Structure formats: structure tokens, C-alpha cells
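Okay, so here's the structure we're looking at.
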Amino acid sequence: MRNLRTIGWSLFGGLGVAGALTWGFSVRGENERLAPLVPEPAPIAVPLKAVPADNAPIGQAKPTLPIGKVVLFNSGVAYFQREGTIENDALVDLSFPATEINDLMKSLTVRDSEGGRIQPLRYDSQEPIEQTLRSFGINLAENPSYGEILNQARGERVEVTLQAAAGLPGTLTGTIIGMETQTRPAGSGPAVEIEQLNLDCAEGLRGIPLNQVQRVRFLNPVLERDLRRALEVVARGHDSQRKTVRLGFSGKTRREVKVGYVIENPIWKMTYRLNLEEKQPKLEGWAAIENVSDEDWSNVKMTLVSARPISFRMDLYPPLYVPRPLVEPEQFAMLRPPMYNGPLSIAQVVPQQPPPMGQMGQMGQFGNLGGNLGFQGGFQGGFGGGIGGGGIQGQVGSGGFANNEIAGNFMQGNRYKRMAGMPSPTQNRLSYEELNERRNDAKPNAPSKEEKQQAQQLGRQLADLDANLVEDLKGDGLPGASRHEIDGAVSLARKQSALLPMPDVPVNIKHVSIYDASVMPQHPLRGLRVKNQSNQALMQGPIAVFDEGHFAGEARIADLQPNEERLISYAVDLGTEIQSKQTEEPGPRILARIEGDVLALGYQARKVTTYTIRNRNTQPRSLVIEHPISEGWALADDSKPTETTRNRHRFVVEVKPDESVTFKVAEVQARTEQASIVKQPTQSLFRSNLGLNLWLEVVPVVEEGVTLQLRSATQLEVRSKQRQELTYHVQSLSDEPRTVILEHAIPDGAKLVKATDVPTKQQGKFIRYELGVAAKGKTTHQVVQERIDPAAEVVELSTSPDAATLPKDVPAQRWVTKQGFEVWTKRETSPPTLIRGSIRNGAFTATRRTEQTTMVSVRNLTPVARTFQVEMPIADEWRMTGVEPGIKLARQALKVPAMQIAPQTWVQQREDSESVSLTKISDPLRQEIESSKTLPQPLLQAIARAVKLAAQLRETESQLSDQQQEAKAMIEEQARIRQNMEKLPQDTPLYKKYLSKLESVETTLEAQQQRIRTTQDALKKFTQEQSQFLRETAIESPAS
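Right, here's the structure in full:
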């Protein structure tokens, strides 16, 4: 049963979108299943004798697989299939350029029939051959000498065959100790260096000069096999640009095997020949193919496919190492063993890898490291000039190393000891930090989310195709593909090209002349309208055209699908002359809209291209005009193309012999232009570059029911619907009549009252009117609009500069409005008047009234009488005369005749109350009360008695105070007399005088104290009387 093992074939790529057209990774047999690239351990666990040995003798004949089938695509890849017969177990080596290994890895398919089994494929690593050679037990990378090979095998047992005349046994068996070199004199000549092999034999140590050794055989079979494999690697590495892929097959019979792969290859190209004399024209096709490989194609089956499968390049060949971060155990993070510097050695001086060019200019002082180390003079100036300036120079050989005890004998002594100290090359690996840097650098180039989704969608669609597409090569399975099987076998030597005849393709042709001003402005080109009448798609390519037995010209044709038509041109039609002329002007219809202080004009620019065609031929011409598609322009309604391409409009014009025809193509483009405003007192003027002037005149319309409200002493609020009359004046300077589409914008919150013309269209707040304007003519249009709800406008009080010319009854300071009226006020406030009083709880409460009179005057400047609604705010604690309490805004209508002034009076009152104790009524208050005509008589009498009682009480209190002061003076006089008497003898006259005076003062003091007691009794009486009056008196004044 046939066993198919697909290693994998993928075609990727295409227009910046990642996708995948994938066949395989499957195994077909009795049990179909998905198989990995490397088989699972159980299926390949076959006996060692059944697997082809890698250590077969060099030069053993191996089966070959010549190329048997080639499929060329026009996408830069080709499919190659190798076929051959093998017997039993076999190894097949295929050699490929290193640049094709990546494509091979992702597309190689291997088929082994008759129950054969495919072994894991092996191929040379991308690493240099030196790296591979160093991996064997015997390193042949540096082309070692005989002695160097033996020195690498130290410790290995060998069998040595010596020359018969050497004076030693013919064969020795021992273990290699090592190699050494000795310098021995050679007669009168200079000393020579002798290599010696040191062995540990059964008899003891032996030193055998290497020139006496005839043959050495390693007794270790592993080392012997490593040496043979290394030699095979050396043999395969003769061509460093090619790599070997080894295919392994296991089986018991003679059978057929096939190997297929997709690699990069030049596209195949088509050329055509067309004979116009044939009744049924056919395209004679030739396919150009190239064999750019290093192998001859001998009797291969050739298939050409005009399809572009997705394909891309992917770097799968280089070995990739994933760096891992170094994590140290915590207990070792506290202490590290110290590092000690050693002496400078050759390995530290000679760099293992050259640094970047031109970056070594600072290493010119190595010669000053000290004479004891032998570098003095050795590297002085050696790197100073930089690697880019001539490499390592200087005095390495002029005694530089001669003074070094360590390196002074480097060029002498045992060469094998010196080699042991040389540095060994290491394999380059990315560090963890370098990997992160590369990942970060790649982030800006990462595909976007949309690109990933598009790639996934395309990959899913392509993955649903038949997995046997490459084997069957059914071109109709690919959309737009055409498959061409070449009859017979094709043989083509390496690096050779060939033209393969293709089947003729029937086509239908029509003679035309093709004019494109960008190709040739004066003449059209002779051409054909070609229609593919076959079932195959025609691949693009050149066409050689023949007519009347002669060469007529060459043309190019793009990919042509079945039943598709395409124009081609092959010669210049000198008998036909064409002149094209282009004009541009504004269209007759202009849209005008005023937006603030700018006039916006919208119009269609009309570009007319006139083609004047003169046919001087004896035959009619079917002229195809290739009119370019201009960005931003569209064909006018009166210009209909026959067909339209990606960048051309095509028009067909039939021209009779010796006839001139004029053909016009009109295009339009929407444009806008703005005109700035020129403001005048009553209108706004706009001038444009299109020969169109427009000005707008706005006049307020007299409105009834305007509301006036005095917000403060300096602000007047005017509420109205702000009705306006807008007159549009349009003037055209063009010599042709025009249609101006006037677009009037109704302000927010406003409505249209009336207009001169009926609107042609209304959309939202925009209303359009079509106005016809004669050549060099004018027209007008009026619109009246007002606000839906009255709007408030606050007018500030201003002083008129023309106060001297105002009428005498018009003040200079007033509110001047734009609605044809003026307002001013006059306000007077009367002093407070006592209108009511009351007595309660010993207090008199007086109620006073303040009156404010406001006169509002309105001057009507319009020729019609108007009625205004005047509103007066009522402040807190004030009451408007004639208005119910609680209302805060009073309103009255005011009619004003035309060109007259009408006043309106407003009176407001405010009452304030003041309470005063009856014992503290002042004289001004008493006089105000006595003069009041609104207070009742009992209240006046009570006030008079309260005033009298208060006066008596104050008088008695004053009398008592005076008496008490006099009694106090008498007591103080008595104390003075007694103090003086204490200082005098009693029998003195002065003492007696003081005694007499003391008696007199005492008598007077007693009388005064009696008077004080009398006054205190009177004060008590008056106080009681006043308290009783205040407590018992309660009088209310009636409301006024």
C-alpha cells in the first residue's frame, strides 16, 4: 500500500498580507494520521542493521534522483519533483545552495511507495564547517598536520607500523602520550626541528621520530568512525556555498520514490505574435523559461501556471537559541569568591574577533605597559592608526617579545606546548538582555491588529483548498489561474534559457485609433480592441503585430481573462491629427449664503476639453479618446463615456475619411469662494471674484406691543419680537444670464413672516430662492422675519452727544433704542410723613409713610402711533398705588402718537415704624406729634401727660440730687472743723470759735436732711404715678 509522508509545503506571501497556502503534514496508509516532522520514537525503533549506515566507505555508489517534473509559476517560485528507483535501505544526498535551504525546509515533500518508510531527514547546519569539524573527536578544522592529529589523540591506543630499517620492531602497540619537537644539529648546516611521537608501550616509554612512522591505526572504533565522518564533512565542504540534504529510505523491495520542493526561481514570461491578415486572428504564444540551477534538466515534464500563489521567505535554517535569565540561589547572593588578575598573556592581547572598522584609534599606547612584560616597543603605535587605517602595524617583531620572560621564547621550543595556551573559539549566543533589546526593536514593525485579522482570514480560506494541488497541478483550482502543459519532454542545460511554443489562442479584433494626449498630443495610435475567445486566461506580455506581410509594430497586453476585451496600440496613426483645447469658467448657477461677515458662494466650475479631429486617411477611423480622470472633477450630464477605466474615461468618435469633427467633454467641479464684507451704516456690501456683487440691507420693522422694563436706574430692558426686513440686492457683471440660488438662513428662535418670492426648497433653517439675473443686470429679494418668542435686550443709559439740538423737554441722558423710540425717566421722593401712632406697654410707636413718584417718558420716532407695555418692578417693602399688595411687577399700557412724547406716572409708597419709650420722647418728636393732623385727641392728651410726668420726675430727681450734694458738703465741713479742733487746746479762743461754728453747721445739716426726706417722698410719689400711667395707658390710632 502506498505510504505518503509529507514533510510540509507552504506557499506564503502577497501584498503585505501574511497568509498561508499549506499542503500537508500527513501520513497516508492503512491508518491516516497527523505526523510530526520527526517521527515518534516507537515507529522508528527499527534494528540497527535496517538503517542505512552513515559510516559507509567514501566513494560508495548511492542512488540519485534526477529532476522529472518542473512547475513554473509567475510569482517567483517553482516546484521541482525528483523521481528515481531505490532498493531496500538507501541514502540519497541532494545538494542545494545555502540560500535555498529555508525554502526547502518549509516545502519539501517525500513519497516512498510499496510500503517503504521515510527516515528522518538530515542536512548540514548553517554553522561554518569549522564548527562541525570541532565537534568530532579529531578536529580537522585547522588542516592539522600528521603530528597535530596524533597530539589530539593523547591517551588513545594506536597501532604504529615503522619503517623496516628504523632499528625498531616493525609494529608497536601503545598509548599516545603526546607529541614534541626537538631541535637537532644537522652536520655543518643549521639545526633542524624533529617531531617525535611518545608512546607508552608494554616495554615502557618509547620516543619514535615521526619520520620513521609508516602507518598509524587507531584501536578505538569510535575515534576511527569520527575521523571518517570528519573526512566526509571536509569532502562535502569543498563548495562552501552549497549544503547537503540526506534522505533516508527503509524498505525491502525495489520501488519508486519522489521528492518535491518549492524554491525561488525566475518567473516565466510570455511573448505573442499577431498576424492581422488572417481571417480568424490568433495569438501565437511563446513562453520564455530559464534554468538558473546548477543541474541540467533532462527530459522533464514542464508545466507553466499563470497563477500567483502566496509565498514568502522565512529564516528557518539558522539554529536559534532561546536565552534564559541567570537566577542565583538566595543563599549564594551574599558572597562571591574574589577574582584575581593574572599576568597579561597572548590570549588577552590578541582580540578574538575584530572590532568594528575605525573604532580602535585609542589603543596606541600598548607599548608602554612595561619592559618586563616584553610589550615595550612591541605594540607601540600598533593600533594607533585604527583598524580602518591599515590594520595592526608597528614593531611586533623588533624585539617586542624578546624581553618577556614568559613570551620571549614563543617562537622557539615545543610547538605543541605553545598551542595548548592558544584561545579556543566559542560559539556566539544571544544574551538575555540582547534578546529583549531585539524584541523591543521589533515592536514598531509588528503587524497591527487589523493586519493580523486579515492574514488569519486569508489563511483560513486558503487552507481549505485541496492538499493534493501540487501533485495534481489543476490550475483551475486557483482563482484566475491558467495551466499550460508542455507537450513532450523538455531538456535544458544549466544556466540556459529557452522559448517554448504555446498553443495558439483565438481572438476577436477590431481596428481602432487610440488618442491619449499624455502619450502623443498630435496623433492617435493605431490599435486594436482584442477579445480573448479561448477558455484560458492570457498572461501579460509583448505582442509583435504583423500586417500585409510586414512588421507593423509592437504592443503590450495585460492579463486577459476569457471573454475579456482589452485595447492595445502598436503604431502611430499619422493620417489622423487631433488638437485639444481646454477652457474653464464658473457655471451659470451660483449658490449664495451670508454667514456672519462673510458671503459664501458655491458654484460648479465647468471645464470643457474640445477635441478637434482631422482624418486625412482614405479609410474611416473609429477613434477612442482616452480622457484622463481628474481628481475632484466629474463628468457633466451632457458627457457620457462609452466606458470608464481606473484612470480614464473612454469616448468613441466615428470619423469619416477626409472629415473634421469637433468633440467636447465637459467636466464640473464643486467649488466655494468667500467674499469679505464692506460695512456701511445701513447695509453690508460683498464683492466676489465671480463677477457677482451682493449687498444686504436690514431695516427694523415697527412692532406693536414692545415691553419696556426699568431694571435699574441705568438699565432698560426692551422685549420684542425684533421684526426685521432684509433686502438682498444682487448685481451680475457677467455677459451671460445667471441664476443665483439665494440661501437665506433663519436665525435660531425666529420665523419667516413673508418673502417676495416663493421658496424653491426649505431644509431646516435654510430657505432657498432662485433669482434670475439678466446679463449685466440687477435683482432684489425681500424677507421679513421675527422671533417666535419675544427676546430681551438690555439698553444702557447713555448721554447723547447732540444734546444742544434736542427739544427742551428731552433730556440728554436717556435710553436710545434701535427700534425707533427713546425712553427717559424722572424720579422724586417725598420726606417721611407721620400718619399713625399707638401707645402700648409704655412705648409710643410712630408709623411714617415715604412716597416715590417715577415719571416715564417715551418718545416715538416712527411715523405711526405705537402702544408700549411699560413694566415697573416693585421692590420689597414698597407698594404701588393702585396695585394689589404682593405683586412685584406692575404693568401699564402707554400709547404714544407718531413723532410725539407721552409720559406715564408711577407712585410707590413705603411705611416705616419706630417705637420710643414714653419717658424718652424728644422735643422734635413731641413737636411732630403735636403738629400731626392724623393722630386722635386721646393719643395727643396721653402723650402730653406722659411728657408732663416725665418732666416732673426729671425735675424732682434734679432737686433731690442738689439737696444731697449740699448735705454732703456740710458733712465734709464738719469733718474739717473737728480735725482742726483736735490740734488746738480747748481754752484757746480759736478752739471756742470752731466749737460755735460746729454747732451752727450741725443745726443746718439737720434741716437739710429733713428737706431731702421730703423730696424723696415726692420722687417716690411721681414714680409711682408714672408707672401706673404707663401700665394702664393703651391707645391705638385708626388706620389711614
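Under numbering that gives the first Met the number 0, think of the first position of the sequence shown as 0, with each following residue one higher. In this text, a Cβ means the ideal position worked out from N, Cα and C, and glycines have one as well. Computed from a predicted structure; not experimentally measured.
- Look at residue 716 here: in three-state DSSP terms it is strand.
- Along the length of the stretch 609-636, whole alpha helix (DSSP H) runs at least 4 residues long do not occur.
- In the DSSP assignment, residue 274 falls within the beta strand (DSSP E) that extends over 268-274.
- Bridge partners of residue 871 according to DSSP: 889.
- DSSP places residue 152 outside any beta strand (DSSP E), giving it a letter other than H or E.
- Its Cα nearest to that of residue 738, the residue 600 stands out among 1034, 150 and 600.
- Residue 796 and residue 822 have their C-alpha atoms roughly 9 Å apart.
- For residue 691, no alpha helix (DSSP H) encloses it; the enclosing beta strand (DSSP E) starts and ends at 691-699.
- Residue state for residue 960 is assigned as helix, using DSSP reduced to three classes.
- When 226, 987 and 877 are compared, the shortest CA-CA separation from residue 906 is found for 877.
- In the structure shown, the three-state DSSP call for residue 937 is helix.
- Nearest Cα to residue 639 within the set 666, 927 and 659: 666.
- In this structure, the CA atom of residue 286 is about 44 Å from the CA atom of residue 663.
- Between residue 699 and residue 819, the C-beta gap is smaller than 9 Å, which places the two residues in contact.
- Cβ contact annotation for residue 607 (same chain, cutoff 6 Å, sequence separation greater than five): 582, 663 and 665, in chain order.
- Nearest neighbour of residue 63 by Cα position, chosen from 294, 926 and 132, turns out to be 294.
- Apart from sequence neighbours up to five positions away, the residues of its chain that approach residue 272 with a beta-carbon distance below 6 Å are 283 and 543, ordered along the chain.
- 9 Å or more divides the Cβ of residue 730 from the Cβ of residue 678.
- Cβ neighbours of residue 933 within its own chain (closer than 8 Å, five residues either side excluded): 833, 834, 835, 1036 and 1039.
- With contacts defined by Cβ atoms closer than 9 Å, residue 96 and residue 240 form a contacting pair.
- For residue 509, the enclosing beta strand (DSSP E) begins and ends at 504-514.
- As the crow flies, the alpha-carbon of residue 513 is around 5 Å from that of residue 523.
- A direct Cα-Cα distance of roughly 6 Å separates residue 768 from residue 742.
- In the structure shown, residue 710 adopts coil according to DSSP, grouped into three states.
- Between the alpha carbons of residue 191 and residue 137 lies a distance of about 28 Å.
- Scanning its chain for C-beta atoms nearer than 7 Å, with the 5 sequence neighbours on each side dropped, one finds around residue 756 the residues 768 and 780, in chain order.
- The C-beta of residue 75 has fewer than 16 other C-beta atoms within 10 Å across all chains shown, which makes the residue exposed.
- Comparing C-alpha distances from residue 217 to each of 211, 209, 226 and 723 shows the shortest one belongs to 226.
- By the Cβ criterion, the stretch 1017-1032 is in contact with the stretch 949-960, since at least three pairs of Cβ atoms, one from each stretch, lie closer than 8 Å.
- The Cβ neighbour count for residue 886, taken over all protein chains shown within 10 Å, is under 16; the residue is labelled exposed.
- A check of alpha carbon separations from residue 178 across 267, 162, 189 and 204 identifies 204 as the nearest.
- The bridge partners DSSP lists for residue 593 are 598.
- Here residue 214 has 160 as same chain residues with Cβ atoms under 7 Å from its own Cβ, once five neighbours each way along the sequence are excluded.
- Taking C-beta separations shorter than 6 Å and ignoring five residues to either side along the sequence, the partners of residue 116 in its chain run 249, following chain order.
- One alpha carbon belongs to residue 81, the other to residue 298, and they sit about 12 Å apart.
- Checking the DSSP bridge columns, you'll see residue 92 partnered with 245.
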